[in-house]
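Data block below; observations after.
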Amino acid sequence: MNERPISTVPKPVLLLLGLGLCLQIAGHFSLPQRLTKAEDLPHPPSLSILKIASFGEPIALAKTLMLYLQAFDNQPGISIPFRNLDYEKVQGWLGHILELDPPGQYPLLAASRLYGEVSDETRQRQMLEFVHQRFLDDPNHRWPWLAHAAVIAKHRLKDLPLARKYAQAIRVHATGTEVPYWAKQMEIFILEDMNELESAKILIGGLLQSGQITDSHEIRFLEEQLIALEAKQKAEQS
Amino acid sequence: MLHQARTIAFYTLLEALRNRLMWLVALAALTGIAISGFLHEIAITESGQIQVALLAAFLRFSAIFLLATFVVTSMVREFNDKGLELLLALPLPRAGYLLGKLAGFAMLALVPALLFGLLASFFSPPAQTILWTVSLICELWVVAAFSLLCVLTFNQIMTALSAVMAFYLLARSISALQLIGQGPLSENSLSQQVINWVINAIATLLPRLDEFTRTDWLVYHSGTWVALYPLLAQTAAYLALLAGAALFDLYRKNL
Chain Z
1 MNERPISTVP
11 KPVLLLLGLG
21 LCLQIAGHFS
31 LPQRLTKAED
41 LPHPPSLSIL
51 KIASFGEPIA
61 LAKTLMLYLQ
71 AFDNQPGISI
81 PFRNLDYEKV
91 QGWLGHILEL
101 DPPGQYPLLA
111 ASRLYGEVSD
121 ETRQRQMLEF
131 VHQRFLDDPN
141 HRWPWLAHAA
151 VIAKHRLKDL
161 PLARKYAQAI
171 RVHATGTEVP
181 YWAKQMEIFI
191 LEDMNELESA
201 KILIGGLLQS
211 GQITDSHEIR
221 FLEEQLIALE
231 AKQKAEQS
Chain G
239 MLHQARTIAF
249 YTLLEALRNR
259 LMWLVALAAL
269 TGIAISGFLH
279 EIAITESGQI
289 QVALLAAFLR
299 FSAIFLLATF
309 VVTSMVREFN
319 DKGLELLLAL
329 PLPRAGYLLG
339 KLAGFAMLAL
349 VPALLFGLLA
359 SFFSPPAQTI
369 LWTVSLICEL
379 WVVAAFSLLC
389 VLTFNQIMTA
399 LSAVMAFYLL
409 ARSISALQLI
419 GQGPLSENSL
429 SQQVINWVIN
439 AIATLLPRLD
449 EFTRTDWLVY
459 HSGTWVALYP
469 LLAQTAAYLA
479 LLAGAALFDL
489 YRKNL
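Taken in order, these protein sequences are the chains called Z and G. The first sequence begins at 1 in the working numbering and counts up by one. The second sequence begins at 239 in the working numbering and counts up by one.
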């Protein structure tokens with residue numbers, strides 16, 4: 001279809017068009033830039049509503065929601081301290097996202113490595129406990145986040161019993177072949193730090209006897225650990 | 239009749255290829271890549287999964303929307319141009335006309351499905367992409383047939399398109415609605431039972447589109463060929479139902 005040249009358009013129309021465009025652009029720049037505030041994070045909708053709203057695309061919705069949640073922590077030019085966020089809401093969002101996309105690891109990474117690393121101990125513990133609870137739903141795939149939680153509990157919170165609880169959960173529940181031995185053996189080192197050498201020895205002995213470990217290097221490493229523990233125990237007794 | 243239907247199918251496809259539909263399909267593909275690529279960059283982890291999940295969802299909805307819009311608008315244009323009257327004045331059974339149109343739209347559906355499947359293959363293993371593409375083709379066929387039925391029934395773009403979108407979104411959410419209605423927390427009152435019954439009745443008449451073209455096939459590579467068989471069976475059954483309903487409507491029309 002041939003179009004008539006621009007010169008055929010009446011001048012007032014062109015003027016109106018130009019004026020409208022200028023007003024729009026000027027209006028856009030005169031408005032204050034939208035900044036996200038921590039308080040703006042709303043309560044998550046119920047899981048049922050989210051499932052309906054996903055229109056059969058729960059994975060795509062979960063991924064989008066994770067990026068949405070992340071936007072409350074990090075915006076271009078602004079970074080909201082995590083401690084300003086309402087952790088009850090954050091936990092609610094993370095839980096729902098995980099329900100929508102159970103194999104997804106993003107919410108657990110965010111819980112253990114982002115929200116779990118705040119300087120506020122109460123919030124930190126809340127996130128670690130969230131990771132622990134969700135780990136129990138799928139231990140063989142979610143163990144890395146609990147392992148990280150154990151590290152935080154040990155080094156940041158200096159709470160060795162809590163670290164041991166998490167390490168023990170990995171040993172007891174994450175029994176799949178894909179779970180590396182170092183993760184299953186974390187508890188030993190924590191027990192050693194707790195000076196519970198006898199328990200550590202029993203654990204190593206149990207691991208060796210269980211037949212779960214087949215790698216010769218792994219067996220030798222554990223045997224050496226056992227010898228070192230015995231030596232340490234003797235030194236302490238004498 | 240088959241020869242005539244084939245001719246109608248050919249010209250339906252030709253009409254689609256000669257207008258700007260293909261540009262829109264290409265534009266949708268580019269937009270999908272751009273959006274998913276942007277989100278890929280801002281993700282801390284699982285960036286590849288995020289990219290493919292959002293790309294797949296976007297391409298799927300785009301393909302459905304473009305095809306449904308094309309079916310509805312091209313049919314309404316044909317009604318307005320009196321093309322239908324002209325064709326039916328020829329020695330052509332109404333069934334030949336409808337099946338020809340349906341076949342043309344079905345062939346057209348292959349274009350976005352194959353293009354989007356090709357795009358998805360850059361992010362997922364070939365077998366999973368093939369599963370996804372075949373399933374997308376089935377889904378597009380169902381939507382095209384439903385669009386044809388709606389446009390024959392309502393004869394108007396707005397009404398027909400609204401009905402198609404409502405059907406599509408409902409077919410994708412009906413399983414979630416059923417699960418919620420039967421959940422342990424739902425009340426066992428009479429009104430709840432009636433609502434559940436209505437939802438179940440609607441679900442009986444809808445295809446389970448939430449089982450089609452699953453994003454987790456591309457993201458977690460969980461698709462199997464066995465999962466495709468029920469989808470093919472559902473597609474065949476639903477196409478038969480929709481074609482039957484459209485024929486019923488067309489034969490009753492007073493032109």
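Even for Gly, the Cβ is constructed at its ideal location relative to N, Cα and C. Quick caveat, the model's predicted, so the values are computed rather than measured.
| Asked | Found |
| --- | --- |
| Sequence-distant residues of its chain with Cβ nearer than 6 Å to residue 293 (chain G) (five each side left out) | 270 and 274 |
| Chain-order list of residues whose beta-carbon lies under 8 Å from that of residue 325 (chain G) (same chain, five-residue window excluded) | 246 and 335 |
| Chain-ordered residues of the region 58-70 of chain Z with a beta carbon less than 9 Å from chain G | 58, 59, 60, 61, 62, 63, 64, 66, 67 and 70 |
| Within-8 Å CB hit, residue 41 (chain Z) to chain G | no |
| Beta-carbon contacts of residue 454 (chain G) that lie in its chain and below 7 Å, excluding the five residues immediately before and after | 460 |
| Cutoff 7 Å; reference residue 132 (chain Z); Cβ partners in own chain excluding five residues on either side | 146, 149, 166 and 169 |
| Check whether residue 386 (chain G) and residue 343 (chain G) have beta carbons under 8 Å apart | yes |
| Boundaries of the alpha helix (DSSP H) in which residue 335 (chain G) is found, first to last residue | 332-358 |
| Chain G contact for residue 52 (chain Z) (CB, 8 Å cutoff) | yes |
| Outcome for residue 464 (chain G) when other beta-carbon atoms lying within 10 angstroms are tallied against a minimum of 16 | exposed |
| CB contact below 8 Å: residue 20 (chain Z) versus chain G | no |
| Secondary structure of residue 85 (chain Z), DSSP reduced to three states | coil |
| Segment contact, 8 Å Cβ cut-off, at least three pairs: the region 278-290 of chain G with the region 62-69 of chain Z | yes |
| Span of the alpha helix (DSSP H) around residue 458 (chain G) | 453-458 |
| Three-state secondary structure (DSSP) of residue 491 (chain G) | coil |
| Local conformation of residue 287 (chain G) per DSSP, three classes | helix |
| Residue closest to residue 49 (chain Z), alpha-carbon to alpha-carbon, out of Z:153, Z:96, Z:71 and Z:120 | Z:96 |
| Burial state of residue 75 (chain Z), where buried means 16 or more other Cβ atoms lie within 10 Å | Note that residue 75 (chain Z) scores a pLDDT of 46, beneath 50, so its modelled location is shaky; the value from the coordinates is reported in the next line. Its Cβ having fewer than 16 others within 10 Å, residue 75 (chain Z) is exposed. |
| Where the alpha helix (DSSP H) through residue 110 (chain Z) begins and ends | Taken as a continuous stretch (DSSP letters only), residue 110 (chain Z) belongs to no alpha helix (DSSP H), as it is neither H nor E. |
| Assigned secondary structure, residue 281 (chain G) (DSSP; H/G/I helix, E/B strand, else coil) | coil |
| C-alpha distance - residue 195 (chain Z) paired with residue 236 (chain Z), whole-angstrom precision | 10 Å |
| Contacts of residue 109 (chain Z) in chain G (Cβ-Cβ under 9 Å) | 282, 283 and 284 |
| Minimum Cβ-Cβ distance from residue 104 (chain Z) to chain G less than 8 Å | yes |
| Terminal residues of the alpha helix (DSSP H) in which residue 361 (chain G) lies | Residue 361 (chain G) -> no alpha helix (DSSP H), and no H or E assigned at all. |
| Residues of the region 395-424 of chain G with Cβ closer than 8 Å to any Cβ of chain Z, in chain order | 407, 410, 411, 413, 414, 415, 417, 418 and 421 |
| Short CB-CB distance (under 8 Å) between residue 181 (chain Z) and chain G | no |
| Short Cβ contact (8 Å threshold) for residue 373 (chain G) with residue 469 (chain G) | yes |
| 6 Å CB neighbourhood of residue 287 (chain G) in its chain, flanking five on each side removed | 457 |
| Chain Z contact for residue 432 (chain G) (CB, 8 Å cutoff) | no |
| Beta-carbon neighbours of residue 56 (chain Z), restricted to chain G and to distances below 7 Å | 410, 411, 447 and 448 |
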